[in-house]
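Chains as they are written, first to last, in our numbering: chain V, 720 to 1113; chain E, 3 to 199. Using N, Cα and C, we set each Cβ at its ideal position, and we do this for glycine too. On a predicted model such as this, the values are computed, not experimentally measured, just so you know.
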């Protein structure tokens, strides 16, 4: 307890300097950030370069960033939402129409966006299902959207309309013209909150939609939700009211900065290049080969390819392998790593080496089961990290 | 070395658009349970189930793939080794049905020529949300000469049947099998027959 208090004191001390010592903050965070006093949120924002190192710049910087994000919402959701509504009204009178084959057609953009939105929607509804947090209402919904006039097509309405439209088409093909089912399609398990409220997953959906619109070359890739989820969770459940209130905007920028470093793993065309996921998996297997040739030999012999397990481990930074509190602890260290994400490979390596005895004696299916469901109750996260740290020094 | 606990090993692969219920179908078949809270599959997942067919113990090694385009380079590498491919769409999602032909092309490009295929129209318990009439599924399947079933992982309709028929089709052309095919052996009667099937 005394040791823990001393640690909190160290964080307080390091974070109160007017000019922050990034080396010190890295050092402290690497050992794990305390949730108390919102230290984890602050440290992550610093490590992910959302907050500058000069403390007195924080208020102005944050204000500017948050205003920028608001503008993104306005430009990418609200204004197009109004246009979509007007367009629907004027349908048939405009030169541009839904069947316009011209690639510049606003309609074709709208259709492509809807595909992407539907994919984000599916994934966000099923984000961290073991946790009630993402299904619950946020105290800080986007006011412009929940109080939007009925002539703005918000993301929520767009999802509903897209589903309804395709329902109409389906029925028409059947030859049945009466539309009996105008009922909103919500999956029974994840009912939407009433108007005026937003669930946390809807906030995550909005961030991902804006990110995808701003990064058309990358777009939305499944798994991004699992990267954003823990960041948003951390900020939105912080003890500091201001951190909670601006969790959406701040997560957006932290996520954007983090993606700048790991996005190559999400890009299919880079799979076989020397910066994509293929290369990272090869590096992991080479590391295993150096540290534990026997294990490496066994894995090759059994054809336990890294694609079967490490693809997910690395792409999602282990967020699907451990329960959320453990993920946050691992990310403290990953974000604190100066050669960022080299440590991720070391952690993956440590996970494999801690399972070596099982892997050496198991058959292929048992090994696949083991690696796809990492036994975090017996091989705890603390063990994994300390083994990884030990490996750093050897 | 441990004694072999099975006679044959069949490798199966599940493909189809994201969100059509591939993971749920597999979970129903392997664990006989339904779980609505599945996270999206990233890359590839894996399950094992041993079944008895034609007097033989057959170990089914089933690979469950991610639906999104991005993962295709990872997932298409599994097509080659697969002996059976289950192609899944969602009857409440017209788009997932339209993409069937795209998935069939993928199979042609990447899988062994003699791979056994089967098309499943999943979520057939949700009749009120149906977008794809059953006869459209039947006709695309006939066109390509592929068996077809409508299934529901939730209501446990035709799930065992689908996997067992696919396994049977592989067994039928496995060389050196000494027993005559005795037909599909499903131990328990499937429960909850829905109005759609």
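CA-to-CA distance, residue j to residue i, given in whole angstroms
i, j, result
"residue 998(V)", "residue 42(E)", "24 angstroms"
"residue 151(E)", "residue 22(E)", "14 angstroms"
"residue 1046(V)", "residue 1061(V)", "17 angstroms"
"residue 828(V)", "residue 802(V)", "13 angstroms"
"residue 795(V)", "residue 838(V)", "18 angstroms"
"residue 16(E)", "residue 46(E)", "10 angstroms"
"residue 944(V)", "residue 843(V)", "7 angstroms"
"residue 1112(V)", "residue 1106(V)", "10 angstroms"
"residue 1099(V)", "residue 948(V)", "22 angstroms"
"residue 1090(V)", "residue 66(E)", "15 angstroms"
"residue 846(V)", "residue 1037(V)", "15 angstroms"
"residue 133(E)", "residue 931(V)", "29 angstroms"
"residue 942(V)", "residue 950(V)", "14 angstroms"
"residue 903(V)", "residue 973(V)", "Residue confidence for residue 903(V) is low, a pLDDT of 39 falling below 50, so the modelled location carries little weight; the figure read from the coordinates is stated next. If I take the Cα positions, the gap works out to 34 angstroms."
"residue 952(V)", "residue 851(V)", "11 angstroms"
"residue 722(V)", "residue 977(V)", "32 angstroms"
"residue 772(V)", "residue 34(E)", "55 angstroms"
"residue 36(E)", "residue 87(E)", "22 angstroms"
"residue 873(V)", "residue 800(V)", "6 angstroms"
"residue 1033(V)", "residue 1003(V)", "10 angstroms"
"residue 38(E)", "residue 934(V)", "31 angstroms"
"residue 761(V)", "residue 955(V)", "12 angstroms"
"residue 961(V)", "residue 798(V)", "28 angstroms"
"residue 784(V)", "residue 122(E)", "48 angstroms"
"residue 1092(V)", "residue 1039(V)", "9 angstroms"
"residue 712(V)", "residue 805(V)", "Outside the modelled stretch of chain V, which goes from 720 to 1113, sits residue 712(V), for which no answer is possible."
"residue 89(E)", "residue 20(E)", "12 angstroms"
Closer than 9 angstroms at the beta carbon, the chain V residues around residue i
i, result
"residue 68(E)", "941, 942"
"residue 103(E)", "Simply none; closest approach about 16 angstroms."
Proximal residues of chain E, C-beta to C-beta of residue i below 7 angstroms
i, result
"residue 1017(V)", "Under the 7 angstroms cutoff, chain E gives no residues; its nearest Cβ is about 14 angstroms from residue 1017(V)."
"residue 852(V)", "In chain order: nothing, as chain E lies at least about 14 angstroms away."
"residue 1087(V)", "48"
"residue 1091(V)", "47, 48"
"residue 1084(V)", "50, 63"
Beta-carbon separation (whole angstroms), residue i vs residue j, contact threshold 8 angstroms
i, j, result
"residue 1078(V)", "residue 1066(V)", "That belief does not hold up - the Cβ atoms of residue 1078(V) and residue 1066(V) are roughly 17 angstroms apart, past 8 angstroms."
"residue 143(E)", "residue 135(E)", "With 8 angstroms as the limit, residue 143(E) and residue 135(E) do not qualify as a contact, their Cβ atoms being about 13 angstroms apart."
"residue 58(E)", "residue 9(E)", "4 angstroms"
"residue 1057(V)", "residue 759(V)", "Their Cβ separation, rounded to whole angstroms, is 19 angstroms, which puts residue 1057(V) and residue 759(V) out of contact at 8 angstroms."
"residue 921(V)", "residue 875(V)", "7 angstroms"
"residue 75(E)", "residue 990(V)", "5 angstroms"
DSSP three-state assignment for residue i, whether helix, strand or coil
i, result
"residue 742(V)", "helix"
"residue 197(E)", "Residue placement at residue 197(E) cannot be trusted, given a pLDDT of 45 that sits under 50; what the coordinates show is reported in the next sentence. Of the three classes helix, strand and coil, the one that applies to residue 197(E) here is coil, per DSSP."
"residue 55(E)", "strand"
"residue 754(V)", "coil"
"residue 46(E)", "strand"
"residue 895(V)", "Residue confidence is low: residue 895(V) scores 45 on pLDDT, short of 50, so the model does not pin down where it sits. Its coordinate-derived value is still stated next. Coil."
"residue 201(E)", "For residue 201(E) there is no data in the structure shown, the boundaries of chain E being 3 and 199."
"residue 978(V)", "helix"
"residue 950(V)", "helix"
"residue 723(V)", "helix"
"residue 912(V)", "coil"
"residue 86(E)", "strand"
"residue 1022(V)", "coil"
"residue 67(E)", "strand"
"residue 972(V)", "helix"
"residue 124(E)", "strand"
"residue 997(V)", "helix"
"residue 92(E)", "strand"
"residue 992(V)", "coil"
"residue 6(E)", "coil"
"residue 1046(V)", "helix"
"residue 772(V)", "coil"
"residue 60(E)", "strand"
Chain V contact residues for residue i, given Cβ-Cβ distances below 7 angstroms
i, result
"residue 21(E)", "841"
"residue 142(E)", "What residue 142(E) touches in chain V: nothing, since even the nearest Cβ is about 14 angstroms away."
"residue 64(E)", "Those do not exist, as residue 64(E) stays about 11 angstroms from chain V at its closest Cβ, beyond 7 angstroms."
"residue 41(E)", "845, 848, 1039"
"residue 2(E)", "Absent from the model: residue 2(E). The displayed extent of chain E is 3 to 199, so no value can be given."
Chain-ordered neighbours of residue i on chain E, where CB pairs are closer than 8 angstroms
i, result
"residue 875(V)", "Going along chain E, no residue has its Cβ under 8 angstroms from residue 875(V), so there is no contact; the nearest lies around 18 angstroms."
"residue 1026(V)", "45, 46, 76, 79"
"residue 935(V)", "Result: empty, since nearest Cβ-Cβ is about 15 angstroms, beyond 8 angstroms."
"residue 1021(V)", "Correct list: empty, because the minimum Cβ distance to chain E is about 13 angstroms."
"residue 990(V)", "75, 76"
"residue 1030(V)", "44, 45, 46, 76"
Contact set between residue i and chain E, taken where Cβ atoms lie within less than 9 angstroms
i, result
"residue 784(V)", "Chain E residues near residue 784(V): none, gap ~29 angstroms exceeds 9 angstroms."
| Selection of the segment 940-951 of chain V by Cβ proximity to chain E, strictly under 8 angstroms | 940, 941, 942, 944, 945
| said: Counting only Cβ-Cβ distances shorter than 8 angstroms, please list the residues of the segment 1033-1044 of chain V near chain E, keeping chain order. | reply: 1034, 1035, 1039
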